[in-house]
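In what follows, a single structure is set out as structure tokens and then discussed.
2 protein chains.
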Amino acid sequence: MIIDCHGHFTTEPEALHDFRRRQIAAHAEGRPGPDPESLSIDDETLRACVEGAQIAAQRQRGTDLTLFSPRAAGMAHHVGDAAVSLAWTHVCNDLIHRICTLFPKNFVGVCQLPQSPGVEPAACVDELVRCVERLGFVGCNINPDPTGGFWTTPPLTDRWWYPLWEAMAALDVPGMIHVSASCNACFHTTGSHYINGDTTAFMQVLEGDLFRDFPTLKFVIPHGGGAVPYHWGRYRGLAQDMGRGPLEDLLLNNVFFDTCVYHALGIELLTRVVPADNILFASEMIGAVRGIDPRTGHHYDDTRRYIDGLATLSAADRHKIFEGNARRVYGRLNDRLRVLGIGDGPPA
Amino acid sequence: MIIDCHGHFTTEPEALHDFRRRQIAAHAEGRPGPDPESLSIDDETLRACVEGAQIAAQRQRGTDLTLFSPRAAGMAHHVGDAAVSLAWTHVCNDLIHRICTLFPKNFVGVCQLPQSPGVEPAACVDELVRCVERLGFVGCNINPDPTGGFWTTPPLTDRWWYPLWEAMAALDVPGMIHVSASCNACFHTTGSHYINGDTTAFMQVLEGDLFRDFPTLKFVIPHGGGAVPYHWGRYRGLAQDMGRGPLEDLLLNNVFFDTCVYHALGIELLTRVVPADNILFASEMIGAVRGIDPRTGHHYDDTRRYIDGLATLSAADRHKIFEGNARRVYGRLNDRLRVLGIGDGPPA
Numbered sequence: 001m002i003i004d005c006h007g008h009f010t011t012e013p014e015a016l017h018d019f020r021r022r023q024i025a026a027h028a029e030g031r032p033g034p035d036p037e038s039l040s041i042d043d044e045t046l047r048a049c050v051e052g053a054q055i056a057a058q059r060q061r062g063t064d065l066t067l068f069s070p071r072a073a074g075m076a077h078h079v080g081d082a083a084v085s086l087a088w089t090h091v092c093n094d095l096i097h098r099i100c101t102l103f104p105k106n107f108v109g110v111c112q113l114p115q116s117p118g119v120e121p122a123a124c125v126d127e128l129v130r131c132v133e134r135l136g137f138v139g140c141n142i143n144p145d146p147t148g149g150f151w152t153t154p155p156l157t158d159r160w161w162y163p164l165w166e167a168m169a170a171l172d173v174p175g176m177i178h179v180s181a182s183c184n185a186c187f188h189t190t191g192s193h194y195i196n197g198d199t200t201a202f203m204q205v206l207e208g209d210l211f212r213d214f215p216t217l218k219f220v221i222p223h224g225g226g227a228v229p230y231h232w233g234r235y236r237g238l239a240q241d242m243g244r245g246p247l248e249d250l251l252l253n254n255v256f257f258d259t260c261v262y263h264a265l266g267i268e269l270l271t272r273v274v275p276a277d278n279i280l281f282a283s284e285m286i287g288a289v290r291g292i293d294p295r296t297g298h299h300y301d302d303t304r305r306y307i308d309g310l311a312t313l314s315a316a317d318r319h320k321i322f323e324g325n326a327r328r329v330y331g332r333l334n335d336r337l338r339v340l341g342i343g344d345g346p347p348a
Numbered sequence: 001m002i003i004d005c006h007g008h009f010t011t012e013p014e015a016l017h018d019f020r021r022r023q024i025a026a027h028a029e030g031r032p033g034p035d036p037e038s039l040s041i042d043d044e045t046l047r048a049c050v051e052g053a054q055i056a057a058q059r060q061r062g063t064d065l066t067l068f069s070p071r072a073a074g075m076a077h078h079v080g081d082a083a084v085s086l087a088w089t090h091v092c093n094d095l096i097h098r099i100c101t102l103f104p105k106n107f108v109g110v111c112q113l114p115q116s117p118g119v120e121p122a123a124c125v126d127e128l129v130r131c132v133e134r135l136g137f138v139g140c141n142i143n144p145d146p147t148g149g150f151w152t153t154p155p156l157t158d159r160w161w162y163p164l165w166e167a168m169a170a171l172d173v174p175g176m177i178h179v180s181a182s183c184n185a186c187f188h189t190t191g192s193h194y195i196n197g198d199t200t201a202f203m204q205v206l207e208g209d210l211f212r213d214f215p216t217l218k219f220v221i222p223h224g225g226g227a228v229p230y231h232w233g234r235y236r237g238l239a240q241d242m243g244r245g246p247l248e249d250l251l252l253n254n255v256f257f258d259t260c261v262y263h264a265l266g267i268e269l270l271t272r273v274v275p276a277d278n279i280l281f282a283s284e285m286i287g288a289v290r291g292i293d294p295r296t297g298h299h300y301d302d303t304r305r306y307i308d309g310l311a312t313l314s315a316a317d318r319h320k321i322f323e324g325n326a327r328r329v330y331g332r333l334n335d336r337l338r339v340l341g342i343g344d345g346p347p348a
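Written out as structure tokens, the structure is:
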């Protein structure tokens with residue numbers, strides 16, 4: 001079984017975009033937002049959104065299950081205020097739940113959170129609990145910069161975040177640290193803001209003592225960990241210079257990297273630098289890069305091919321990356337799959 | 001000859017730090033800053049600062065010449081105002097000039113610029129001209145975020161920057177795109193802010209048409225290009241999706257990466273992904289990471305060893321990386337070395 005831990009609902013029906021536009025316009029004019037009941041998307045429409053897209057890609061690429069969350073750039077926590085974010089988050093998470101219910105063998109839910117600039121992450125706990133306990137979601141996306149590129153929120157190691165970490169630890173759900181759209185002209189959303197967010201989050205947890213306080217808390221850093229594996233020597237050296245001991249001992253019980261790196265040499269570096277226990281298969285499809293690489297004839301984001309092409313990766317490590325680690329890091333996933341009657345084997 | 005294109009004066013005498021403290025205190029209290037004449041550092045002190053440090057490392061590592069600039073984190077353009085930045089920049093660049101004069105075989109100057117948040121880069125032209133024409137400097141460091149981590153300055157492709165690009169093109173000096181200290185709690189200076197600055201700058205120029213307007217302008221992106229080579233497939237795919245054609249054609253006449261990547265696998269990736277014509281040897285010593293890697297027994301930042309260890313690199317490519325590219329990208333370097341009677345051979 002191949003589990004893709006990082007997929008977004010990026011093929012939304014036009015009705016959802018229209019709802020969002022109405023919501024933003026209402027907020028701008030000081031009116032109440034649109035009633036979520038006014039958003040009418042039938043099952044047939046929803047099926048059509050993913051059947052020819054994410055599900056077709058799963059079939060073509062030979063992957064099985066995607067941990068599925070709302071469009072990352074669409075979270076746009078900087079838009080409106082906390083009430084706008086909450087209403088939008090409910091709508092987006094409910095749609096993910098419907099897709100997961102329509103296609104239980106293809107998708108398991110991961111939620112967005114109703115973050116908002118300046119609002120304490122404690123305000124996200126109710127929605128997290130709802131998604132996990134009532135909707136069967138197994139993880140959440142955490143935006144380390146709800147301002148969309150101005151970075152005025154405290155670092156992830158600050159006590160500001162602790163109520164959210166407490167809830168995640170209690171629920172046994174990991175968080176993918178994933179920024180949303182950039183509204184800062186300096187940062188291209190998928191070209192620099194996403195990657196910078198990953199690198200920034202890693203360095204924040206390297207500097208802090210978060211995992212001493214939350215030893216079971218788990219973060220997945222997407223996009224192959226940003227710049228981190230490429231600069232692994234830099235991070236090993238910084239940890240050492242700071243007297244924090246070997247980098248691997250410091251972080252690798254709690255921090256995991258996905259494989260959203262869109263060329264073979266990058267994936268090769270990732271797997272040579274980071275222990276196999278800390279790498280989770282992912283493609284981000286259908287996501288940031290949609291084209292076909294003329295050098296290979298395949299989609300840039302068909303990351304399974306890069307891993308299949310690694311001659312030196314052992315079968316055991318391959319299994320960890322494709323399946324075992326996801327079952328271990330997403331602590332509720334095995335139970336969820338058992339409830340659904342799918343792939344009930346334990347992790348390798 | 002081995003030219004290190006990225007070295008900073010990070011072993012300053014205490015008198016310089018004291019001058020800076022007095023300058024900041026004066027600004028905070030609304031008093032005029034200290035007279036630069038009050039900063040008294042004799043040649044013996046200055047020699048001692050670098051003899052046992054950068055020069056000893058050159059000797060130990062078998063490198064020859066360092067393109068030497070003030071401490072990058074020390075630029076701290078966010079501190080004070082434009083007048084504070086200008087006075088500080090004069091002092092720092094003058095010290096670099098004195099060191100280059102004391103050790104002309106070891107150092108050639110690269111200047112910092114008197115940037116300040118909200119102040120147009122045109123204000124930097126006089127100091128650039130002074131450093132290049134009167135002090136014999138061959139390049140400059142450009143801070144794409146003078147705010148120190150809040151990124152409220154227009155992107156490098158904005159016309160805001162054009163007077164500086166015009167001056168650099170006219171003088172034939174490249175710029176290293178290098179942020180300074182972070183004053184944003186989200187960003188560790190050398191662990192995330194530096195690397196993010198590199199990635200951000202690359203994506204800015206990928207999105208814009210800067211090099212159509214300035215076909216001879218050259219940027220060196222330090223720290224191995226931030227996250228870029230690791231995500232080369234992502235950037236190739238983004239350029240393609242944006243209809244901008246092959247990434248290599250788009251940027252590689254104007255954008256160069258240094259080799260400040262502190263482990264062998266990272267350097268290997270860099271040299272396998274980026275054409276040899278676009279890689280310049282650098283170590284950043286004595287810089288961000290000062291320790292010895294227990295796995296190798298050598299300094300993390302002894303980057304020459306990683307390049308020496310690349311079995312597949314041809315002699316011609318090795319020469320480009322160690323020397324030829326620096327002579328080509330830093331257009332005034334050959335003349336400067338000829339004036340000094342050093343290494344007057346043309347680029348390979």
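Chains as they are written, first to last, in UniProt numbering: chain A, 1 to 348; chain C, 1 to 348.
All C-beta atoms in this analysis are idealised placements derived from N, C-alpha and C, irrespective of residue type, glycine included.
When the alpha-carbon of I55/C is set against those of L102/C, D277/C, R244/C and G297/C, the nearest one is in L102/C. Within the region 260-286 of chain A, V261, Y262, H263, L265, G266, L269, R272 and V273 place their CB atoms closer than 7 Å to a CB of chain C, listed in sequence order.
Three or more pairs of CB atoms, one per stretch, sit closer than 8 Å, so the region 66-84 of chain A contacts the region 3-23 of chain A. In the DSSP assignment, L337/C falls outside any beta strand (DSSP E) and within the unbroken alpha helix (DSSP H) covering L333 to V339. In the displayed model, G208/A falls within coil according to three-state DSSP, outside both helix and strand. Separation of D293/A and G243/C (C-alpha to C-alpha, rounded to the nearest whole angstrom) is 13 Å. V289/A belongs to the set of residues whose beta carbon lies under 8 Å from a beta carbon in chain C.
Rounded to the nearest angstrom, the gap between the Cα atoms of H97/C and L135/C is 6 Å. Here the alpha carbon of N93/A sits roughly 47 Å from the alpha carbon of D81/C. Taken in chain order, the unbroken stretches of beta strand (DSSP E) that lie wholly in the region 235-285 of chain A and span 3 residues or more are 255-258. Of the residues C140/A, S180/A, V91/A and M1/A, the one whose Cα lies closest to the Cα of I41/A is V91/A. The shortest CA-to-CA distance from H231/A to any of M75/C, I267/C and R130/C is the one to I267/C.
The Cβ-Cβ distance between L206/C and G197/A does not fall below 8 Å.
Under the criterion of beta carbons closer than 8 Å, S283/A and D301/A qualify as touching, at roughly 5 Å. Contact annotation: in the region 200-218 of chain C, residues whose CB is within less than 9 Å of a CB in chain A are T200, A201, F202, M203, Q204, L206 and E207. For S180/A, no chain C residue has a Cβ inside 7 Å of its Cβ, as the nearest lies near 15 Å away. In the three-state DSSP reduction, N141/C falls in the strand class (E or B). The beta carbons of P104/A and L340/A sit closer together than 8 Å.
Short of 6 Å from the beta carbon of I3/A, and not among the five residues preceding or following it, lie these beta carbons of its own chain, in chain order: L65, E323 and A326. If you keep only unbroken alpha helix (DSSP H) runs of at least 4 residues inside the region 73-159 of chain C, you get 82-102 and 125-129.
Around the CB of R234/A, 16 or more other CB atoms lie within 10 Å, so the residue is classed as buried.
At a cut-off of 8 Å between C-beta atoms, F257/A does not count as an interface residue with respect to chain C. A Cβ-Cβ contact shorter than 8 Å links Q240/C with G291/A. Its Cα nearest to that of K320/C, the residue F281/C stands out among L333/C, F281/C and R338/C. Relative to the Cα of L16/C, the nearest Cα in the group R295/C, G74/C and G245/C belongs to G74/C.
When only Cα atoms are considered, A53/A and A288/A end up about 14 Å apart. Non-local beta-carbon contacts of L86/A in its own chain, meaning distances under 6 Å to residues more than five positions away in sequence, involve P114 in chain order. For R234/C, at least one C-beta of chain A is nearer than 8 Å to its own C-beta. Pairwise C-beta distances place the region 249-260 of chain C out of contact with the region 28-35 of chain C, as fewer than three of them are shorter than 8 Å. Under a criterion of Cβ atoms nearer than 8 Å, no residue of chain C is adjacent to I321/A; the nearest Cβ is some 17 Å distant. Counted as a single uninterrupted DSSP element, the stretch harbouring P215/C is not any alpha helix (DSSP H), since DSSP gives it neither H nor E. For H319/A, DSSP records no beta bridge to any residue. CA-CA distance, T189/A to Y262/A, rounds to 17 Å.
The region 116-130 of chain A makes contact with the region 139-157 of chain A; the number of CB pairs closer than 8 Å reaches 3 or more. The criterion of a C-beta distance shorter than 8 Å is not satisfied by H77/C and N184/C.
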